[in-house]
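**Student:**
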Amino acid sequence: MARERFKVALAQMECSVGDKEANLAKMEEMAKKAKREGADLVVFPELSATGYVCRDLFYELAEPVPGPATEKMAEVAREEGLYIVFGLPEKSRISGSVLYNTSVLVGPEGFVGSYRKMFLPTHSVFEEKRYFRPGDKVEVFDTGLCRIGLMICYDVFFPEVARLLRLKGAQFIVCISASPGVRRSYFETLLSARALENTVHLAYVNLAGREDGLGFWGGSRLIGPTGSIIVRAKYDEEDMVMGEVDLHDAERAGVFLPMLRDLRPELTRWIAEEASSY
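Residue numbers (the numbering used here): 254 to 531.
#1: Please classify residue 466 as buried or exposed, where buried requires at least 16 other C-beta atoms within 10 Å of its C-beta.
#2: Would the beta-carbon of residue 447 fall within 9 angstroms of that of residue 426?
#3: Return the chain-ordered list of same chain residues with a C-beta closer than 8 angstroms to the C-beta of residue 258, the five sequence neighbours on each side being excluded.
#4: Leaving out five residues before and five after residue 327 in sequence, what residues of the same chain have Cβ atoms less than 7 angstroms from its Cβ?
#5: Where does residue 351 land, buried or exposed, given buried means 16+ other C-beta within 10 angstroms?
#6: Shortest alpha-carbon distance to residue 494 belongs to which of 274, 270, 291?
#7: Quick check on this structure: which residue in 304, 420, 415 has the alpha carbon closest to the alpha carbon of residue 265?
#8: Could you tell me if residue 509 is buried or exposed, where buried requires 16 or more neighbouring beta carbons within 10 angstroms of its beta carbon?
#9: According to DSSP, residue 482 sits in a beta bridge with which residue or residues?
#10: From which residue to which residue does the alpha helix (DSSP H) around residue 442 run?
#11: If you drop the 5 nearest sequence neighbours on each side, which residues of the same chain put their C-beta closer than 6 angstroms to that of residue 299?
#12: Can you find the residues in the same chain that come closer than 6 angstroms, C-beta to C-beta, to residue 282, ignoring five residues on each side of it along the sequence?
#13: In this structure, does DSSP put residue 536 in helix, strand or coil?
#14: Determine, using beta carbons only, whether residue 316 and residue 342 come nearer to each other than 9 angstroms.
#15: Is residue 485 buried or exposed, if buried means 16 or more other CB atoms sit within 10 Å of its CB?
#16: Would you identify the three-state DSSP class for residue 501, choosing helix, strand or coil?
#17: So within the segment 306-358, which uninterrupted beta strand (DSSP E) runs reach at least 3 residues, ignoring any that extend past its ends?
#18: Quick check: what's the CA-CA separation for residue 356 versus residue 308?
As structure tokens, then:
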């Protein structure tokens, strides 16, 4: 059963590239601090266990899910009595050469679920398809807080992902990210749009600092179901901020913003037909 209100900590961290042990230790420290400040859920960025600019090191750093890193963070979640979302490179149990960019959800009950990034940017400074395979499943996970949906970074450019999560019953969407500064204006527009068009709370947590010359803009935020920003972290630097989710806000928003009620399912079919020949 969903709680009416809960507190979310946005743990915008700067990673040590390739040093999983150091990153997991920092995540544990930040999670414990968040719990002391009243958090029920703490969210870390995309690939927070390893850093983003790992290149061929991904093949050495990747691990199954659940695996050692998942078990480590699940132990923290059990000890602290909170939920944690974090990112890591996942190694397929079927073929060790197949990797995924994965978001993991753990809680007091242990491993809850994971999501493999569907849309892998491979342009400009991005080369994710060189290392990762795209995911092929969108799921919503039941927790002691509410029903949570996961997405990762570039997924937010595709409105279908957030819409599908909402239609599957997500009451809260968590988007972890590793976005460089040149993308900031796009993300700031799209994140509020995804929350508004689905009348849902959305947490976005980005990396901060620099990795091999690539600077991440931070700016993590909790967005309400009308697209307004509830709380935002600092730009560019490591930070952690806390915001409260009131699930009744989404119910109220749905009354005067009834887009989900007014959906035309046939449009989705038409889009699929046109996209197949685009």
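Ideal Cβ placement from N, Cα and C applies to all residues, glycine included.
Computed from a prediction, not measured in an experiment: that's the story for all the values here.
**Tutor:** According to the structure data:
#1: By one-based count along the sequence shown, residue 466 stands at place 213. With fewer than 16 Cβ atoms within 10 Å of its Cβ, residue 466 is classed as exposed.
#2: As a first step, residue 447 is located in the sequence shown; it is residue number 194 there, counting from the start. As a first step, residue 426 is located in the sequence shown; it is residue number 173 there, counting from the start. Yes, the pair counts as a contact, with Cβ atoms nearer than the cut-off.
#3: Numbered from 1 along the sequence shown, position 5 holds the residue referred to as residue 258. Closer than 8 angstroms at Cβ, skipping near neighbours: 497, 498, 499, 500.
#4: Taking the sequence shown and counting its residues from 1, one reaches residue 327 at position 74. Correct list, in chain order: 359, 363, 364.
#5: For this step, residue 351 is matched to residue 98 along the sequence shown. Classification of residue 351: exposed, given that the 10 Å Cβ count is below 16.
#6: For the purposes of this step, residue 494 is taken as the residue at position 241 of the sequence shown. Considering only alpha carbons, the answer is 291.
#7: Looking up residue 265 in the sequence shown gives position 12. Out of 304, 420, 415, 304 has the C-alpha closest to the C-alpha of residue 265.
#8: In the sequence shown, the residue the question calls residue 509 occupies position 256. Per the 10 Å Cβ criterion, exposed.
#9: If you number the sequence shown from 1, residue 482 lands on position 229. For residue 482, which the question treats as bridged, DSSP gives the partners 476.
#10: The sequence position of residue 442 within the sequence shown is 189, counting from 1. Residue 442 -> alpha helix (DSSP H) spans 437-450.
#11: Taking the sequence shown and counting its residues from 1, the one referred to as residue 299 is at position 46. 340, 405, 406, 429, 430, 431, listed in sequence order.
#12: Taking the sequence shown and counting its residues from 1, one reaches residue 282 at position 29. So the list is empty, once near-sequence residues are dropped.
#13: This structure cannot settle anything about residue 536, because the visible part of the chain is limited to 254 through 531.
#14: For the purposes of this step, residue 316 is taken as the residue at position 63 of the sequence shown. For the purposes of this step, residue 342 is taken as the residue at position 89 of the sequence shown. A contact, by the Cβ cut-off of 9 angstroms.
#15: Mapped onto the sequence shown, residue 485 falls at position 232. When all chains shown are included, residue 485 counts as buried.
#16: Your numbering for residue 501 matches position 248 in the sequence shown. Reduced to three states, the DSSP call for residue 501 is helix.
#17: 336-344
#18: Counting from one through the sequence shown, the residue named residue 356 turns up at place 103. Counting from one through the sequence shown, the residue named residue 308 turns up at place 55. Taking the straight line joining both Cα atoms gives about 18 angstroms.
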